[in-house]
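Heads up: the structure comes next, in structure tokens.
Numbering (the numbering used here), first residue to last: 13 to 329.
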């Protein structure tokens, strides 16, 4: 039970920015423990922050029954406004930073889960050497989650954003090529013995291995799924590949990420009645963002050789 306010509603109340971030993270992961791990804090500190905030505002933000916490009606409203405030604060910080010398205090990059991330270390090292005052951060997003993170300003640059620019978005973009897809499965899988074209009826019998779309505001998309087919969700492309190699299920994989497994005989390629067309991808950023670090990164991406690295094969897969 939440304790009543110690002061009347007319009394000035201060809500710390850190508390807003804690609520947003708990709501996203539906867990105090997961939020603590993400924010590099102990779970008790997260729980205390939320409880203190609930006491201060006089209402409960989360229901704590069951394994996962759920937002209350008031919690949903609070979270919506908290995200608006955090976005405004980040925009203010970014604007001031750009006015002062043009070097951003931080650059946040969202990478599509479909990319080969081997060029990332070279890129980060180059930016660190040229702009040591800029805090770099990188995160992985899946499908529409790449656009969602950019539009919601959780990242400043999206790498590998799929398909086309969202309508009405004030963004700039740079093509990065196309992701080509292969339908693959383990040579031990029952369907591996079929040399002909596999249709939906044969495929629907076996689970599809999929990485869940990370979009929170935009609609989520499935990379491939047949009606009535069971789906097993995994956290990333590396886990998906391992599931396919183990024969747990079937699915399409980006050609550059499964080339090594095909070459080693861990996977076999099969033809299907509905092949997946290539997915065009691009780098995208907000038109108003004019920081020097972002400009340097975009300049690197203008080099076709460097851009091609993100869609090249990797022995890690």
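Note that beta-carbon positions come from the ideal geometry of N, C-alpha and C, so glycine has one too.
**Asked** Among residues of its own chain, excluding the 5 on either side of residue 318, which ones have a beta-carbon nearer than 8 angstroms to its beta-carbon?
**Response** As a working mapping, residue 318 is identified with position 306 in the chain shown. The answer, listed in chain order, is 131 and 312.
**Request:** Pair every Cβ in the stretch 181–188 with every Cβ in the stretch 155–172, then say whether three or more of these pairs are closer than 8 angstroms.
**Result:** yes
**Request:** With distances taken Cα to Cα, identify the nearest neighbour of residue 227 among 192, 215, 153 and 239.
**Result:** Within the chain shown, residue 227 is the residue found at index 215, counting from 1. Residue 153 is the option with its Cα nearest to residue 227.
**Asked** Can you round the beta-carbon distance between residue 195 and residue 264 to whole angstroms, since I take them to be within the 8 angstroms contact cut?
**Response** The residue you call residue 195 lines up with position 183 of the chain shown. The residue you call residue 264 lines up with position 252 of the chain shown. With a Cβ gap of about 5 angstroms, residue 195 and residue 264 count as contacting.
**Prompt:** Can the beta-carbon of residue 101 be found closer than 9 angstroms to that of residue 29?
**Reply:** Within the chain shown, residue 101 is the residue found at index 89, counting from 1. Within the chain shown, residue 29 is the residue found at index 17, counting from 1. Contact flag set, yes.
**Prompt:** According to DSSP, which residues form a beta bridge with residue 5?
**Reply:** The chain is shown only over 13 to 329; residue 5 falls outside these bounds and no answer can be derived.
**Prompt:** Distance, Cα to Cα, residue 201 vs residue 259?
**Reply:** Working through the chain shown from its first residue, we reach residue 201 at position 189. Working through the chain shown from its first residue, we reach residue 259 at position 247. Computed Cα separation, rounded: 5 angstroms.
**Prompt:** So, helix, strand or coil for residue 371, using DSSP?
**Reply:** Because the chain in this structure spans residues 13 to 329, residue 371 falls outside the shown range and cannot be described.
**Request:** Inspect the beta-carbon positions of residue 252 and residue 223 and report whether they are closer than 9 angstroms.
**Result:** To locate residue 252, count along the chain shown from 1; it is residue 240. To locate residue 223, count along the chain shown from 1; it is residue 211. Their beta carbons are under 9 angstroms apart, which means residue 252 touches residue 223 by this criterion.
**Message:** Mapping the DSSP letters down to three states, classify residue 27 as helix, strand or coil.
**Reply:** On the chain shown, residue 27 is found 15 positions in, with the first residue counted as 1. Residue state, collapsed to three classes: coil.
**Prompt:** When burial is assigned at 16 or more other CB atoms within 10 Å of the CB, is residue 217 buried or exposed?
**Reply:** Numbered from its first residue, the chain shown carries residue 217 at position 205. Classification for residue 217: exposed.
**Request:** Go through its chain and collect everything with a Cβ distance to residue 206's Cβ below 8 angstroms, but skip five positions before and after it.
**Result:** Position 194 of the chain shown holds residue 206. Only 214 and 282 meet the Cβ criterion.
**Asked** With distances taken from CA atoms, which of 62, 46 and 125 is nearest residue 73?
**Response** The sequence position of residue 73 within the chain shown is 61, counting from 1. Selected option, being the one with the closest Cα: 62.
**Item:** Bounding residues of the beta strand (DSSP E) (the contiguous stretch that carries residue 264)
**Value:** As a working mapping, residue 264 is identified with position 252 in the chain shown. It spans 263–266 - the beta strand (DSSP E) in which residue 264 sits, taken as one unbroken run.
**Item:** Where residue 334 falls: helix, strand or coil (DSSP)
**Value:** This structure leaves residue 334 out entirely; the chain is present only between 13 and 329.
**Request:** Thinking residue 173 and residue 293 are a contact (beta carbons under 8 angstroms), I'd like their distance in whole angstroms, please.
**Result:** In the chain shown, residue 173 corresponds to position 161, counting from 1. In the chain shown, residue 293 corresponds to position 281, counting from 1. About 6 angstroms separates the two Cβ atoms, so the contact holds.
**Sequence-distant residues of its chain with Cβ nearer than 8 angstroms to residue 99 (five each side left out)** = By 1-based counting over the chain shown, the position of residue 99 is 87. So the list reads 164 and 165, once near-sequence residues are dropped.
**Message:** According to DSSP, is residue 285 part of a helix, a strand, or is it coil?
**Reply:** Locating residue 285 in the chain shown gives position 273, where the first residue counts as 1. Three-state DSSP puts residue 285 in coil, outside helix and strand.
**Asked** At what residue ranges does the stretch 194–245 contain a whole run of the alpha helix (DSSP H), taking only runs of 4 or more?
**Response** 212–215
**Item:** Within the stretch 27–106, ranges of the alpha helix (DSSP H) (whole runs, at least 4 residues)
**Value:** 29–41, 44–51 and 55–69
**Message:** On the criterion of 16 or more Cβ atoms from any shown chain inside 10 Å, does residue 300 qualify as buried, or is it exposed?
**Reply:** Residue 300 sits at position 288 when you count from the first residue of the chain shown. Exposed, because fewer than 16 other Cβ atoms sit within 10 Å of the Cβ of residue 300.
**Request:** Determine the direct distance from the alpha carbon of residue 53 to that of residue 198, and round the result to whole angstroms.
**Result:** Position 186 of the chain shown, counted from the start, is the residue given in the question as residue 198. Position 41 of the chain shown, counted from the start, is the residue given in the question as residue 53. Their Cα atoms are separated by approximately 41 angstroms.
**Asked** Cα-Cα, which of 46, 284, 308 and 296 is closest to residue 2?
**Response** Summary: the structure shown does not reach residue 2, with the chain confined to residues 13 through 329, and so no result is reported for it.
**Request:** Measure how close the beta-carbons of residue 38 and residue 58 come, nearest whole angstrom, since I'm counting them as under 8 angstroms.
**Result:** Residue numbering aside, residue 38 sits at position 26 when the chain shown is read from its first letter. Residue numbering aside, residue 58 sits at position 46 when the chain shown is read from its first letter. Yes, residue 38 and residue 58 are in contact; Cβ-Cβ is about 7 angstroms, under 8 angstroms.
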